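If you use UniProt numbering, the sequence shown corresponds to residues 343 to 569, in order.
C-beta: ideal position from N, C-alpha, C; glycine also.
Nothing here was measured: the structure is a model prediction, and the numbers come from that model.
Encoded as structure tokens, the structure appears first; notes follow it.
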Amino acid sequence: LEKEMVRLERLNLIGQMAAGIGHEIRNPMTTVRGYLQYLSKKDKYSDQVETFQLMIEELDRANEIITEYLFLSQDRVVDFKRLNLNTIIHHLYPLLSVHTKIEDMNIKLNLGSIPDLYLDEKELRQLILNLARNGLEAMSAKGTLTIATYSQQGNVILEVEDQGTGIPNDIKDKIGTPFFTTKLNGTGLGMAICYSIAARHNATIGFQSSPQGTKVRVKFQGCRGVS
Ligand code: ADP
Ligand code: MG
């Protein structure tokens, strides 16, 4: 538990720093984005529309990274509403399937009957997205990603299971440490964000992994549930 507290405090610090810097950087970025949009509509740059579009997309990507960091801060403003996890998953589904089109992968939903919970929708979207992305990235070429929900002893369980290569024992403890990644283009923030979001929802995260795949289980404790 103490280890968990230290970890959350570290995440919180990074999140707070990011919030400070992020707000400062966002203002000039918004200005630049506005000018780019303005210039891209000018006749004399009509042959450069694609270049402008690319520049705008890159700015948006930078903006998204700032948004991700903000999820690490424990005192970010959360908006808990009475929601059903299944609804959030259904809404996310089209976004998730985009990732599977190119490869021989599919996503299976196995959603049980679960009570509503008090959730911050944006945070839950981010949590599920991060877990699903990891699962899909672990499978590299083909396989099924299964997202399941069910009730168990008054708790709501969310499971994201992949048919990837599993998590080697020696890195299990490092997962969720900010910037820890084994991927060439990884940020190593995905799981740190998941832990941070889970903590704000009174939920815990556990792994079950073998060389045939990984199952990540998020357990929402009963007290925030609504029957
Ligand atoms: P990133 O995805 O940017 O590497 P994450 O925090 O999401 O950062 O994940 C950290 C590391 O944990 C990954 O680089 C990977 O080694 C490991 N990992 C997370 N989820 C899985 C999974 N489903 N299967 C295998 N390894 C995983
Ligand atoms: Mg990730």
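- Message: Beta-carbon within less than 8 Å of Asp-417's beta-carbon, same chain only, minus the 5 sequence neighbours each way: which residues are those?
- Response: Mapped onto the sequence shown, residue 417 falls at position 75. Cβ within range, chain order: Asn-354, Gln-358.
- Task: Have a look at the DSSP bridge pairing and note the partners of Ser-552.
- Result: In the sequence shown, the residue the question calls residue 552 occupies position 210. Per DSSP, Gly-555.
- Task: Out of Lys-450, Arg-542, Gly-364, Thr-523, point me to the one whose CA is closest to Lys-561's CA.
- Result: Numbered from 1 along the sequence shown, position 219 holds the residue referred to as residue 561. Checking every option, the nearest Cα to that of Lys-561 belongs to Arg-542.
- Query: Alpha carbon to alpha carbon, how far is Lys-514 from Thr-556?
  - Reply: Locating residue 514 in the sequence shown gives position 172, counting from the first residue. Locating residue 556 in the sequence shown gives position 214, counting from the first residue. If you draw a straight line from the Cα of Lys-514 to the Cα of Thr-556, it comes to about 12 Å.
- With burial defined as no fewer than 16 other Cβ atoms inside 10 Å of the residue's Cβ, what is the status of residue 579: buried or exposed? Since the first residue shown for the chain is 343 and the last is 569, residue 579 is missing from the structure and cannot be characterised.
- Contact test: Asn-405 Cβ vs the ligand ADP heavy atom, cutoff 7 Å: Residue mapping note: residue 405 aligns to position 63 of the sequence shown, counting from 1. Relative to the non-hydrogen atoms of the ligand ADP, the Cβ of Asn-405 never comes closer than 7 Å to any of them.
- Rounded separation between Leu-401 and Gly-496 - CA only: As a first step, residue 401 is located in the sequence shown; it is residue number 59 there, counting from the start. As a first step, residue 496 is located in the sequence shown; it is residue number 154 there, counting from the start. Their backbone Cα atoms lie some 44 Å apart in a straight line.
- Task: Would you mind stating whether Val-420 and Asp-462 have Cβ atoms separated by less than 8 Å?
- Result: Stepping through the sequence shown from its first residue, residue 420 is reached at position 78. Stepping through the sequence shown from its first residue, residue 462 is reached at position 120. For Val-420 and Asp-462, yes; Cβs fall inside 8 Å.
- Would DSSP call Lys-423 helix, strand or coil? Reading the sequence shown from its first residue, position 81 is the one you call residue 423. In this structure, DSSP gives Lys-423 an extended state, which the three-state scheme calls strand.
- For residue 573, which residues of its own chain have a beta-carbon under 6 Å away from its beta-carbon, when the five flanking residues on both sides are left out? Absent from the model: residue 573. The displayed extent of the chain is 343 to 569, so no value can be given.
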